[in-house]
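Residue numbers are given in the UniProt record's numbering: position 86 of the sequence shown equals residue 86, and the series is strictly consecutive.
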Amino acid sequence: MDKVYNHQDVEERIYAFWEKGGWFTPKIDLAKKPFVITLPPPNVTGSLHAGHAMYVVEDIMARYHRMKGETTLWLPGFDHASIAVEYLVSKQIRKEGKTKKQLGRQAFLQRAHQFADESRQYIRQQLKKTGFSLDWTREAYTMDESYSLAVKTAFDRLYQQGLIYQGEYMINWCTSCRTAISDLENEYRQEKGKLYYLKYGPFTLATTRPETKFGDTAVAVHPDDKRYQKWIGKEFTYHSLLGPRRMKVIADRAVDKKFGTGVVKITPAHDPTDFEIGQRHQLKRIKVIDEKGRLTKAAGKFAGLTIQEARQQVVAALQAKGDLVKTVAITHSVGHCQRCGTITEPMISQQWFVKTKPLAQKAIMAVKKGRIKIVPKRFEKIYFHWLENIKDWCISRQLWWGHPIPIEDETDVLDTWFSSGLWPIATLGWPKKNQDFPYFYPTTIRETGYDILFFWVAREVMMCLAMTGKVPFKTVYLHGLVRDQQGHKFSKTAGIGFDPLAMIDKYGADALRFALTAGNAPGRDLKIDENRIIGYRNFTNKIWNAARFIMMNRYSSSAVSKGLLRSGIQHQDDQWILKELDKTTKTVTKNIDHYRFDLAAETIYQFFWHVFCDQYLEMSKQRREATQPVLLHVLATSLKLLHPFMPFITEEIYQKLPRHGKSLMIESWPK
Numbered sequence: 001m002d003k004v005y006n007h008q009d010v011e012e013r014i015y016a017f018w019e020k021g022g023w024f025t026p027k028i029d030l031a032k033k034p035f036v037i038t039l040p041p042p043n044v045t046g047s048l049h050a051g052h053a054m055y056v057v058e059d060i061m062a063r064y065h066r067m068k069g070e071t072t073l074w075l076p077g078f079d080h081a082s083i084a085v086e087y088l089v090s091k092q093i094r095k096e097g098k099t100k101k102q103l104g105r106q107a108f109l110q111r112a113h114q115f116a117d118e119s120r121q122y123i124r125q126q127l128k129k130t131g132f133s134l135d136w137t138r139e140a141y142t143m144d145e146s147y148s149l150a151v152k153t154a155f156d157r158l159y160q161q162g163l164i165y166q167g168e169y170m171i172n173w174c175t176s177c178r179t180a181i182s183d184l185e186n187e188y189r190q191e192k193g194k195l196y197y198l199k200y201g202p203f204t205l206a207t208t209r210p211e212t213k214f215g216d217t218a219v220a221v222h223p224d225d226k227r228y229q230k231w232i233g234k235e236f237t238y239h240s241l242l243g244p245r246r247m248k249v250i251a252d253r254a255v256d257k258k259f260g261t262g263v264v265k266i267t268p269a270h271d272p273t274d275f276e277i278g279q280r281h282q283l284k285r286i287k288v289i290d291e292k293g294r295l296t297k298a299a300g301k302f303a304g305l306t307i308q309e310a311r312q313q314v315v316a317a318l319q320a321k322g323d324l325v326k327t328v329a330i331t332h333s334v335g336h337c338q339r340c341g342t343i344t345e346p347m348i349s350q351q352w353f354v355k356t357k358p359l360a361q362k363a364i365m366a367v368k369k370g371r372i373k374i375v376p377k378r379f380e381k382i383y384f385h386w387l388e389n390i391k392d393w394c395i396s397r398q399l400w401w402g403h404p405i406p407i408e409d410e411t412d413v414l415d416t417w418f419s420s421g422l423w424p425i426a427t428l429g430w431p432k433k434n435q436d437f438p439y440f441y442p443t444t445i446r447e448t449g450y451d452i453l454f455f456w457v458a459r460e461v462m463m464c465l466a467m468t469g470k471v472p473f474k475t476v477y478l479h480g481l482v483r484d485q486q487g488h489k490f491s492k493t494a495g496i497g498f499d500p501l502a503m504i505d506k507y508g509a510d511a512l513r514f515a516l517t518a519g520n521a522p523g524r525d526l527k528i529d530e531n532r533i534i535g536y537r538n539f540t541n542k543i544w545n546a547a548r549f550i551m552m553n554r555y556s557s558s559a560v561s562k563g564l565l566r567s568g569i570q571h572q573d574d575q576w577i578l579k580e581l582d583k584t585t586k587t588v589t590k591n592i593d594h595y596r597f598d599l600a601a602e603t604i605y606q607f608f609w610h611v612f613c614d615q616y617l618e619m620s621k622q623r624r625e626a627t628q629p630v631l632l633h634v635l636a637t638s639l640k641l642l643h644p645f646m647p648f649i650t651e652e653i654y655q656k657l658p659r660h661g662k663s664l665m666i667e668s669w670p671k
């Protein structure tokens with residue numbers, strides 16, 4: 001063995017060795033129950049981030065179950081990331097002095113395909129670099145022909161069942177990307193703003209959006225608010241900036257008595273709560289902001305202004321008229337387009353929707369009846385709350401890149417979440433008949449971050465149940481978010497955190513993998529920095545040095561070639577370390593079985609470093625040759641226990657043992 005472990009000389013060679021061996025690709029064995037995970041597909045938008053590095057949890061499971069002799073499939077793939085890719089490709093085109101429309105749909109789609117293909121190739125290499133034991137022979141992509149068939153089939157079935165319809169509804173609109181966006185793509189940020197107190201006939205009310213007052217069709221109070229009960233159901237006339245207007249006072253329990261003065265203006269076309277109040281009270285909807293983010297003709301002399309321009313001019317006009325009572329500085333939550341950062345506009349728009357209530361009810365019952373188990377269990381409440389309060393799902397996007405809505409003369413594409421909701425079935429070949437689907441479906445587990453439990457996982461459950469009548473997976477394991485030491489969520493754009501690929505280059509994949517596992521309890525955020533990775537790089541050095549010490553004298557005992565016979569172990573030190581090893585094996589196994597990968601990692605770390613190396617190795621120096629069989633046995637068993645967490649260094653050392661099989665990854669798990 002070399003004096004120093006150099007990960008850069010080992011990792012690429014070892015991964016190629018695994019691939020050549022074909023050990024990532026399972027063979028269907030009807031006598032065995034399979035263990036199946038479909039990789040949450042990374043977006044084809046460039047490179048992996050720290051969140052993707054958390055796939056290590058799935059690799060631990062895949063390697064563990066493979067070593068237990070189970071038919072193990074970890075199926076990789078990629079998501080076409082409709083709005084994200086469209087935004088990035090449009091940005092490239094703008095740098096060339098052109099627009100998307102000038103380029104034309106076909107040429108734009110060619111550019112998008114090229115961009116996505118290059119990204120897939122790059123991300124694929126990154127996944128391999130992290131040591132992920134994925135079955136690349138079954139790689140899936142949401143824009144593959146077979147996947148497109150699944151999307152069309154699902155749309156058609158839901159449409160035929162009356163669960164897909166076209167209609168006007170409140171959606172999130174990005175005035176820059178010019179498309180409806182999903183709730184997930186609408187990121188809320190805390191921002192400083194102003195609360196404007198305005199005279200409104202006999203009332204004073206507070207609003208953050210004076211520019212939408214041209215779309216007001218009522219004022220509302222809480223039915224139990226004694227201050228205003230005499231006004232409920234009455235009308236009043238007030239002099240607006242565009243002349244006299246009649247306005248009705250309505251009562252609705254959605255009104256917060258403590259907000260402002262307890263009176264609120266209702267703009268059904270530009271606020272989700274107001275839209276629902278408007279539906280309950282049959283209020284007129286007046287659109288005052290268009291798709292470009294400018295005021296419409298309904299705003300009179302303010303028409304054509306941007307939202308910010310209109311706000312400034314409306315406030316100035318109200319002040320001049322004496323209708324601005326006061327302005328209060330506030331901090332409030334404002335929605336932004338995840339892709340371009342533009343403030344999103346709640347807007348009523350003609351879109352395609354899925355009726356989600358019938359689908360949601362089945363998804364709720366799947367968990368309540370125990371057909372799906374959520375780990376940690378506390379997240380069941382969030383799952384139920386979201387599904388019980390679900391709104392119809394806007395699935396149309398005014399984009400070019402994506403799955404076309406399969407309706408004649410329709411130019412919109414489907415929300416990416418519609419296609420990714422089919423991931424567990426479409427990746428296994430559904431709706432076509434093949435060998436994989438009946439054997440590998442339902443899959444065993446969905447492992448992902450808790451932040452997309454309802455955006456993706458719940459939709460997978462709804463969609464797959466609707467298509468197959470079976471749950472897509474039996475367990476949902478949720479990991480936490482990766483944060484820096486100050487608790488900030490990792491963000492490449494904000495410059496928070498580290499690039500996982502840079503850490504692999506510096507310290508090796510095994511060190512990064514262990515740093516992301518140890519201390520990472522289910523559903524809890526993980527604080528991590530470079531120093532933590534350095535600490536586990538030191539652990540890889542410890543493993544290497546211990547193995548090197550043991551094998552410097554490996555052939556000195558004839559017992560080595562025969563393996564360890566425990567019945568012949570007489571010395572109390574040897575008996576002690578073997579008992580400690582047995583305890584460690586049982587604890588690691590139990591913790592992996594119970595999804596406590598953090599405790600499993602910490603257990604083997606403590607045993608190898610502080611029990612085996614610090615104590616037994618030191619003891620063995622007095623009886624060097626006599627302890628050799630025990631040393632080799634403990635080392636070999638420790639390598640097996642460490643392998644799911646640190647696959648590269650363990651395989652490299654395993655190949656140097658005097659007695660070894662083809663690969664550590666297909667060795668039997670210790671008992």
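The beta-carbon is built from N, C-alpha and C at its ideal position, and this holds for glycine as well.
Values in this document were obtained by computation on a predicted structure and should not be read as measured data.
According to DSSP, is residue i part of a helix, a strand, or is it coil?
{"i": "A559", "result": "Annotation note: pLDDT 43 at A559 (below 50); position unreliable, coordinate value reported separately. If DSSP states are grouped into helix, strand and coil, A559 belongs with the helices."}
{"i": "Y228", "result": "coil"}
{"i": "Q190", "result": "strand"}
{"i": "I348", "result": "strand"}
{"i": "Q160", "result": "helix"}
{"i": "H479", "result": "strand"}
{"i": "D598", "result": "helix"}
{"i": "I286", "result": "coil"}
{"i": "I604", "result": "helix"}
{"i": "T448", "result": "strand"}
{"i": "N553", "result": "coil"}
{"i": "G77", "result": "strand"}
{"i": "I496", "result": "strand"}
Mind reading off the beta-carbon distance from residue i to residue j? Whole number of angstroms is fine, and I expect it under 8 Å.
{"i": "P442", "j": "K474", "result": "6 Å"}
{"i": "H479", "j": "P424", "result": "Incorrect: roughly 18 Å between the Cβ atoms, too far for contact."}
{"i": "A466", "j": "L158", "result": "7 Å"}
{"i": "R105", "j": "V44", "result": "With 8 Å as the limit, R105 and V44 do not qualify as a contact, their Cβ atoms being about 19 Å apart."}
{"i": "I266", "j": "A299", "result": "Not a contact, Cβ separation roughly 17 Å."}
{"i": "E345", "j": "W609", "result": "Going by Cβ atoms, the distance from E345 to W609 rounds to 56 Å, so no, they are not a contact pair."}
{"i": "V263", "j": "L324", "result": "The Cβ separation is near 16 Å, so there is no contact."}
{"i": "Y165", "j": "K357", "result": "Not quite, the Cβ-Cβ distance comes to about 13 Å (not below 8 Å), so this is no contact."}
{"i": "P79", "j": "T416", "result": "Note that residue 79 is Asp in the sequence shown, not Pro. The Cβ separation is near 6 Å, so the contact holds."}
{"i": "Q126", "j": "L501", "result": "6 Å"}
{"i": "M347", "j": "H270", "result": "7 Å"}
On the criterion of 16 or more Cβ atoms from any shown chain inside 10 Å, does residue i qualify as buried, or is it exposed?
{"i": "K377", "result": "exposed"}
{"i": "M552", "result": "exposed"}
{"i": "H222", "result": "buried"}
{"i": "M365", "result": "exposed"}
{"i": "T603", "result": "buried"}
{"i": "Q102", "result": "exposed"}
{"i": "K192", "result": "exposed"}
{"i": "E651", "result": "buried"}
{"i": "I28", "result": "exposed"}
{"i": "S558", "result": "With a pLDDT of 46 at S558, under the threshold of 50, the modelled position of this residue cannot be trusted; read the value that follows with caution. It is exposed - the Cβ of S558 has fewer than 16 other Cβ atoms within 10 Å."}
Could you give the residue range of the beta strand (DSSP E) that holds residue i?
{"i": "G243", "result": "G243 to A251"}
{"i": "I528", "result": "Careful: I528 lies outside any beta strand (DSSP E) and carries neither H nor E."}
{"i": "S333", "result": "L324 to C337"}
Where do the ends of the alpha helix (DSSP H) carrying residue i lie?
{"i": "G51", "result": "A50 to A53"}
{"i": "Y15", "result": "H7 to G21"}
{"i": "T517", "result": "A509 to T517"}
{"i": "Y441", "result": "It is not in any alpha helix (DSSP H) - Y441 carries neither H nor E in the DSSP assignment."}
Is residue i close to chain D, meaning its C-beta is less than 9 Å from at least one C-beta of that chain?
{"i": "Q282", "result": "The structure shown has no chain D; it contains just one protein chain."}
Item to check | Inter-stretch contact (C-beta, 8 Å, three-pair minimum) for the region 71-79 and the region 132-140 | outcome: When Cβ pairs closer than 8 Å are counted between the two stretches, the region 71-79 is seen to touch the region 132-140, the count reaching three or more.
Next on the checklist: Any contact between the region 450-466 and the region 421-439? By contact I mean 3 or more CB pairs, one from each, below 8 Å.
Outcome noted: Short answer: they touch.
Checklist entry - Within the chosen definition, does the region 383-397 reach the region 189-198 through at least 3 CB pairs nearer than 8 Å? => result Output reads no: the region 189-198 does not touch the region 383-397.
Item to check | Three-pair Cβ contact test at 8 Å for the region 177-191 versus the region 329-346 | outcome: As far as the Cβ criterion goes, the region 177-191 touches the region 329-346, which means the pair count is three or higher.
Checklist entry - Are there three or more Cβ pairs, one per stretch, closer than 8 Å when the region 619-633 is compared with the region 569-583? => result Verdict: yes, contact present.
Item to check | Three CB pairs or more closer than 8 Å across the region 245-254 and the region 308-328 | outcome: Contact between the region 245-254 and the region 308-328 is absent, because fewer than three Cβ pairs lie under 8 Å.
Item to check | Three CB pairs or more closer than 8 Å across the region 48-68 and the region 79-90 | outcome: Counting C-beta pairs closer than 8 Å gives fewer than three between the region 48-68 and the region 79-90, which falls short of the contact rule.
Item to check | Touching by the beta-carbon criterion (3+ pairs, under 8 Å), the region 20-37 and the region 433-442 | outcome: As far as the Cβ criterion goes, the region 20-37 touches the region 433-442, which means the pair count is three or higher.
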